[in-house]
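**Student:** Sharing a structure here in C-alpha coordinates format.
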Amino acid sequence: MEGHGAGAVAAAALDRLSKRYGATLAVDGVSFEVGQREILGLLGPNGSGKTTILRVLTGYLRPSAGSAQAGGFDLVREGRAARGRVGYVPEDAPLYRHMRVSEFLTFMGRLRGLAGDRLHDRLAFVRERLALDDVFSIIIGRLSRGYRQRVAIAQAILHEPELLVLDEPTNGLDPRQIIELRGLMRGLATHCSVIVTSHILSEIERVADRVAILLNGRLLAVVAIADIAAAGSDLERTFLRLTTEIGSD
(Lines of atoms letter the chains of each structure in order from A and count residues from 1; the text may use other names and numbers.)
(Lines give C-alpha, C1' and ligand atoms only; values in the text may rest on other atoms or scores of the structure.)
Protein backbone atom coordinates (compact mmCIF):
# COMPACT_ATOMS: atom_id res chain seq x y z
CA MET A 1 0.00 0.00 0.00
CA GLU A 2 1.55 3.29 -1.11
CA GLY A 3 1.25 6.46 0.87
CA HIS A 4 0.62 8.51 -2.27
CA GLY A 5 -1.72 6.17 -4.08
CA ALA A 6 -5.35 6.67 -5.05
CA GLY A 7 -8.38 5.08 -3.43
CA ALA A 8 -9.31 4.36 0.15
CA VAL A 9 -6.24 3.85 2.31
CA ALA A 10 -6.48 2.24 5.73
CA ALA A 11 -5.92 4.68 8.58
CA ALA A 12 -3.40 2.18 10.00
CA ALA A 13 -2.03 -1.17 8.89
CA LEU A 14 0.29 -3.73 10.44
CA ASP A 15 1.82 -6.41 8.22
CA ARG A 16 3.46 -9.33 10.08
CA LEU A 17 4.73 -6.87 12.65
CA SER A 18 7.17 -8.22 15.22
CA LYS A 19 9.03 -6.45 17.99
CA ARG A 20 11.77 -8.03 20.05
CA TYR A 21 13.38 -6.79 23.25
CA GLY A 22 16.57 -8.82 23.50
CA ALA A 23 15.49 -12.44 23.81
CA THR A 24 11.84 -11.49 24.45
CA LEU A 25 9.45 -11.47 21.50
CA ALA A 26 6.86 -8.91 22.62
CA VAL A 27 4.90 -8.83 19.35
CA ASP A 28 4.89 -11.85 17.07
CA GLY A 29 3.83 -11.44 13.42
CA VAL A 30 0.71 -9.32 13.97
CA SER A 31 -1.31 -8.15 10.97
CA PHE A 32 -4.49 -6.06 10.91
CA GLU A 33 -5.90 -2.84 9.47
CA VAL A 34 -7.92 0.02 10.90
CA GLY A 35 -10.48 1.34 8.43
CA GLN A 36 -11.40 4.94 7.82
CA ARG A 37 -13.66 6.39 10.56
CA GLU A 38 -13.49 3.11 12.48
CA ILE A 39 -13.05 2.61 16.21
CA LEU A 40 -10.92 -0.46 16.87
CA GLY A 41 -10.49 -1.82 20.38
CA LEU A 42 -7.08 -3.37 21.01
CA LEU A 43 -7.47 -5.91 23.79
CA GLY A 44 -5.36 -8.40 25.69
CA PRO A 45 -4.07 -9.26 29.16
CA ASN A 46 -1.10 -7.37 30.58
CA GLY A 47 2.02 -8.28 28.62
CA SER A 48 0.10 -9.17 25.46
CA GLY A 49 1.85 -6.54 23.32
CA LYS A 50 -0.79 -3.80 23.20
CA THR A 51 1.39 -0.90 24.32
CA THR A 52 4.28 -2.05 22.13
CA ILE A 53 2.01 -2.00 19.09
CA LEU A 54 0.79 1.48 19.97
CA ARG A 55 4.35 2.73 20.36
CA VAL A 56 5.26 1.35 16.94
CA LEU A 57 2.19 2.98 15.37
CA THR A 58 3.07 6.32 16.94
CA GLY A 59 6.70 6.17 15.85
CA TYR A 60 8.28 5.70 19.28
CA LEU A 61 9.58 2.21 18.46
CA ARG A 62 10.90 0.62 15.29
CA PRO A 63 9.67 -2.85 14.31
CA SER A 64 12.11 -5.75 14.52
CA ALA A 65 10.38 -7.30 11.50
CA GLY A 66 7.36 -6.61 9.33
CA SER A 67 5.92 -3.15 8.80
CA ALA A 68 3.50 -0.58 10.18
CA GLN A 69 1.78 2.19 8.28
CA ALA A 70 -0.28 5.22 9.24
CA GLY A 71 -2.36 6.96 6.59
CA GLY A 72 -0.62 4.82 3.98
CA PHE A 73 2.87 5.98 4.97
CA ASP A 74 5.46 3.55 6.29
CA LEU A 75 6.49 4.46 9.83
CA VAL A 76 10.13 3.60 9.19
CA ARG A 77 10.74 4.69 5.58
CA GLU A 78 8.38 7.68 5.69
CA GLY A 79 8.43 8.32 9.40
CA ARG A 80 7.81 12.05 9.44
CA ALA A 81 4.85 11.87 7.07
CA ALA A 82 3.40 8.88 8.94
CA ARG A 83 3.75 10.47 12.39
CA GLY A 84 2.02 13.59 11.08
CA ARG A 85 -1.08 11.50 10.51
CA VAL A 86 -1.26 10.18 14.07
CA GLY A 87 -2.45 11.72 17.33
CA TYR A 88 -1.45 9.95 20.54
CA VAL A 89 -2.73 10.04 24.09
CA PRO A 90 -0.67 7.67 26.26
CA GLU A 91 -1.89 6.36 29.58
CA ASP A 92 -1.36 9.15 32.14
CA ALA A 93 -0.50 11.59 29.38
CA PRO A 94 2.11 14.13 30.48
CA LEU A 95 0.88 17.72 30.46
CA TYR A 96 2.58 21.02 31.37
CA ARG A 97 0.57 21.61 34.53
CA HIS A 98 1.89 25.13 35.09
CA MET A 99 0.38 26.29 31.79
CA ARG A 100 -3.15 27.46 31.20
CA VAL A 101 -5.17 25.25 28.85
CA SER A 102 -5.11 27.92 26.13
CA GLU A 103 -1.33 28.37 26.44
CA PHE A 104 -0.65 24.66 26.34
CA LEU A 105 -2.82 23.99 23.30
CA THR A 106 -1.37 26.99 21.45
CA PHE A 107 2.14 25.75 22.23
CA MET A 108 1.32 22.20 21.04
CA GLY A 109 -0.31 23.54 17.90
CA ARG A 110 2.80 25.52 17.02
CA LEU A 111 4.94 22.44 17.60
CA ARG A 112 2.73 20.73 15.01
CA GLY A 113 3.42 23.51 12.53
CA LEU A 114 0.11 25.35 12.92
CA ALA A 115 0.06 29.14 12.77
CA GLY A 116 -2.17 32.11 11.99
CA ASP A 117 -5.77 31.46 10.98
CA ARG A 118 -5.15 27.74 10.79
CA LEU A 119 -4.04 27.60 14.42
CA HIS A 120 -6.92 29.83 15.48
CA ASP A 121 -9.46 27.61 13.68
CA ARG A 122 -8.10 24.39 15.15
CA LEU A 123 -8.03 25.84 18.67
CA ALA A 124 -11.66 26.85 18.24
CA PHE A 125 -12.51 23.38 16.98
CA VAL A 126 -10.96 21.48 19.89
CA ARG A 127 -12.32 23.99 22.39
CA GLU A 128 -15.84 23.29 21.13
CA ARG A 129 -15.48 19.57 20.41
CA LEU A 130 -14.03 18.76 23.84
CA ALA A 131 -16.22 21.23 25.74
CA LEU A 132 -13.27 23.19 27.12
CA ASP A 133 -14.91 26.64 27.24
CA ASP A 134 -15.23 26.69 31.02
CA VAL A 135 -11.58 25.78 31.64
CA PHE A 136 -9.78 27.37 28.69
CA SER A 137 -8.09 30.01 30.86
CA ILE A 138 -7.49 27.75 33.88
CA ILE A 139 -4.08 26.33 34.85
CA ILE A 140 -3.93 22.65 33.91
CA GLY A 141 -2.72 21.57 37.34
CA ARG A 142 -6.00 22.77 38.84
CA LEU A 143 -8.20 20.68 36.54
CA SER A 144 -10.00 17.47 37.41
CA ARG A 145 -8.73 14.20 35.98
CA GLY A 146 -11.56 14.23 33.45
CA TYR A 147 -10.72 17.68 32.13
CA ARG A 148 -7.02 16.87 31.98
CA GLN A 149 -7.90 13.90 29.80
CA ARG A 150 -9.92 16.18 27.53
CA VAL A 151 -6.94 18.53 27.21
CA ALA A 152 -4.68 15.58 26.36
CA ILE A 153 -7.07 14.50 23.62
CA ALA A 154 -7.38 18.07 22.37
CA GLN A 155 -3.63 18.36 21.80
CA ALA A 156 -3.67 15.02 19.98
CA ILE A 157 -6.25 16.13 17.39
CA LEU A 158 -5.10 19.71 16.81
CA HIS A 159 -3.36 18.77 13.56
CA GLU A 160 -6.33 16.76 12.19
CA PRO A 161 -4.75 13.30 12.36
CA GLU A 162 -6.18 10.42 10.37
CA LEU A 163 -5.57 8.12 13.34
CA LEU A 164 -6.11 8.85 17.03
CA VAL A 165 -4.46 6.41 19.45
CA LEU A 166 -5.86 6.27 23.00
CA ASP A 167 -4.08 4.08 25.55
CA GLU A 168 -6.34 3.32 28.54
CA PRO A 169 -8.18 6.66 28.24
CA THR A 170 -10.71 5.83 30.99
CA ASN A 171 -8.04 5.04 33.59
CA GLY A 172 -8.80 6.99 36.75
CA LEU A 173 -12.08 8.48 35.51
CA ASP A 174 -15.28 8.32 37.47
CA PRO A 175 -18.43 6.71 35.96
CA ARG A 176 -19.84 10.00 34.67
CA GLN A 177 -16.53 10.92 33.04
CA ILE A 178 -16.34 7.48 31.41
CA ILE A 179 -19.81 7.92 29.92
CA GLU A 180 -18.85 11.37 28.62
CA LEU A 181 -15.62 10.04 27.12
CA ARG A 182 -17.54 7.27 25.36
CA GLY A 183 -19.70 9.85 23.61
CA LEU A 184 -16.63 11.94 22.86
CA MET A 185 -14.90 9.02 21.13
CA ARG A 186 -17.94 8.39 18.96
CA GLY A 187 -17.94 12.04 17.97
CA LEU A 188 -14.22 12.02 17.19
CA ALA A 189 -14.69 8.98 14.94
CA THR A 190 -16.65 11.16 12.53
CA HIS A 191 -13.35 12.97 11.83
CA CYS A 192 -10.69 10.27 12.24
CA SER A 193 -10.14 6.61 13.01
CA VAL A 194 -9.52 5.58 16.61
CA ILE A 195 -7.52 2.79 18.23
CA VAL A 196 -8.35 2.43 21.91
CA THR A 197 -7.08 0.06 24.59
CA SER A 198 -8.90 -0.63 27.83
CA HIS A 199 -9.18 -3.28 30.52
CA ILE A 200 -12.89 -2.45 30.78
CA LEU A 201 -14.36 -4.75 28.15
CA SER A 202 -17.88 -3.40 28.55
CA GLU A 203 -16.67 0.09 27.56
CA ILE A 204 -14.95 -1.21 24.45
CA GLU A 205 -18.08 -3.17 23.55
CA ARG A 206 -20.16 0.01 23.73
CA VAL A 207 -17.89 2.16 21.59
CA ALA A 208 -15.86 0.00 19.17
CA ASP A 209 -16.78 -1.26 15.70
CA ARG A 210 -14.28 -4.14 15.89
CA VAL A 211 -11.82 -5.57 18.38
CA ALA A 212 -8.37 -7.09 17.89
CA ILE A 213 -7.57 -9.56 20.66
CA LEU A 214 -3.95 -10.31 21.60
CA LEU A 215 -2.29 -12.89 23.83
CA ASN A 216 1.45 -13.27 24.44
CA GLY A 217 2.26 -10.99 21.52
CA ARG A 218 0.13 -12.94 19.02
CA LEU A 219 -3.10 -11.85 17.36
CA LEU A 220 -5.88 -14.27 18.24
CA ALA A 221 -8.70 -12.69 16.27
CA VAL A 222 -10.18 -9.52 14.82
CA VAL A 223 -13.93 -9.56 15.39
CA ALA A 224 -16.78 -7.14 14.66
CA ILE A 225 -18.85 -6.24 17.72
CA ALA A 226 -21.99 -6.67 15.61
CA ASP A 227 -20.96 -10.23 14.73
CA ILE A 228 -20.43 -11.08 18.40
CA ALA A 229 -23.92 -9.85 19.22
CA ALA A 230 -25.43 -11.66 16.23
CA ALA A 231 -23.91 -14.91 17.52
CA GLY A 232 -25.74 -14.42 20.81
CA SER A 233 -22.58 -13.72 22.76
CA ASP A 234 -20.86 -10.68 24.25
CA LEU A 235 -17.32 -9.34 24.26
CA GLU A 236 -16.48 -10.63 27.72
CA ARG A 237 -17.39 -14.24 26.88
CA THR A 238 -15.65 -14.01 23.50
CA PHE A 239 -12.50 -12.60 25.07
CA LEU A 240 -12.40 -15.29 27.78
CA ARG A 241 -13.04 -18.07 25.29
CA LEU A 242 -10.30 -16.97 22.90
CA THR A 243 -7.67 -16.22 25.52
CA THR A 244 -8.41 -19.49 27.35
CA GLU A 245 -8.85 -21.92 24.45
CA ILE A 246 -6.15 -20.58 22.16
CA GLY A 247 -3.84 -19.70 25.03
CA SER A 248 -3.90 -23.29 26.24
CA ASP A 249 -3.05 -24.83 22.86
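Each number in my numbering corresponds to the 1-based position in the sequence shown with 6 added. Built from N, CA and C at the ideal position, the CB exists for glycine as well.
1. Restricting to runs no shorter than 3 residues, where is the beta strand (DSSP E) found entirely within the stretch 89-172?
2. Where does T276 fall in DSSP's three states?
3. Within the chosen definition, does the stretch 170-189 reach the stretch 110-120 through at least 3 CB pairs nearer than 8 Å?
4. Residues in the same chain with beta-carbon distance under 7 Å from Y94, minus the five sequence neighbours each way, listed in chain order, please.
5. Quick check on the DSSP output: the alpha helix (DSSP H) that includes L179 runs from which residue to which?
6. Kindly indicate the opening and closing residues of the alpha helix (DSSP H) around R212.
7. List the endpoints of the continuous alpha helix (DSSP H) containing D233.
8. By the 10 Å Cβ neighbour count, where 16 or more other Cβ atoms means buried, how is Y27 classified, buried or exposed?
9. Reducing DSSP to helix, strand and coil, say where T30 ends up.
10. How many angstroms separate the CA atom of E44 from the CA atom of V213?
11. Check the DSSP bridge columns for Q75 and list the partner residues they point to.
12. For G238 and T250, what's the separation of their Cα atoms in angstroms?
13. Return yes when the Cβ of V36 is within less than 9 Å of the Cβ of R224, no when it is not.
14. Which two residues bound the contiguous beta strand (DSSP E) that contains A195?
15. Under three-state DSSP, which class holds R224?
16. Between which two residues does the beta strand (DSSP E) harbouring G47 extend?
17. Taking 8 Å as the threshold, find out whether the stretch 96-112 comes into contact with the stretch 71-78 through three or more Cβ pairs.
18. For R91, collect the residues of the same chain with a Cβ closer than 7 Å to its Cβ; drop the 5 residues on either side in sequence, then sort them by chain order.
**Tutor:** Let me spell this out:
1. 92-95
2. There is no way to answer for residue 276, as the model of the chain reaches only from 7 to 255.
3. The stretch 170-189, when compared against the stretch 110-120, does not touch it at the 8 Å Cβ threshold.
4. Within the sequence shown, numbered from 1, the residue matching residue 94 stands at position 88. Excluding positions up to five away in sequence, the list reads T64, A162 and V171.
5. As a position in the sequence shown, residue 179 is number 173, starting the count at 1. From DSSP, L179 is part of no alpha helix (DSSP H); its letter is neither H nor E.
6. As a first step, residue 212 is located in the sequence shown; it is residue number 206 there, counting from the start. Counting along the chain, the alpha helix (DSSP H) containing R212 begins and ends at L207 to V213.
7. Translated into positions along the sequence shown, residue 233 becomes position 227. D233 -> alpha helix (DSSP H) spans I231 to A236.
8. By one-based count along the sequence shown, residue 27 stands at place 21. Y27 comes out exposed.
9. In the sequence shown, the residue the question calls residue 30 occupies position 24. In this structure, T30 counts as strand in the three-state DSSP scheme.
10. The residue given as residue 44 occupies position 38 in the sequence shown. The residue given as residue 213 occupies position 207 in the sequence shown. Going by the C-alpha atoms only, they are around 10 Å apart.
11. Taking the sequence shown and counting its residues from 1, one reaches residue 75 at position 69. Q75 pairs with A19 and D80.
12. Your numbering for residue 238 matches position 232 in the sequence shown. Your numbering for residue 250 matches position 244 in the sequence shown. In a straight line, the C-alpha of G238 is about 19 Å away from that of T250.
13. Taking the first residue of the sequence shown as 1, we reach residue 224 at position 218. Taking the first residue of the sequence shown as 1, we reach residue 36 at position 30. Contact: yes.
14. Residue numbering aside, residue 195 sits at position 189 when the sequence shown is read from its first letter. From DSSP, A195 is part of no beta strand (DSSP E); its letter is neither H nor E.
15. Locating residue 224 in the sequence shown gives position 218, counting from the first residue. Strand, per DSSP.
16. One-based indexing of the sequence shown puts residue 47 at position 41. Unbroken beta strand (DSSP E) run through G47: I45 to L49.
17. The stretch 96-112 is not in contact with the stretch 71-78.
18. As a working mapping, residue 91 is identified with position 85 in the sequence shown. Excluding sequence positions up to five before and after R91, its CB lies within less than 7 Å of the CB of A76, G77, F79, P167, E168 and L169, all in the same chain and listed in chain order.
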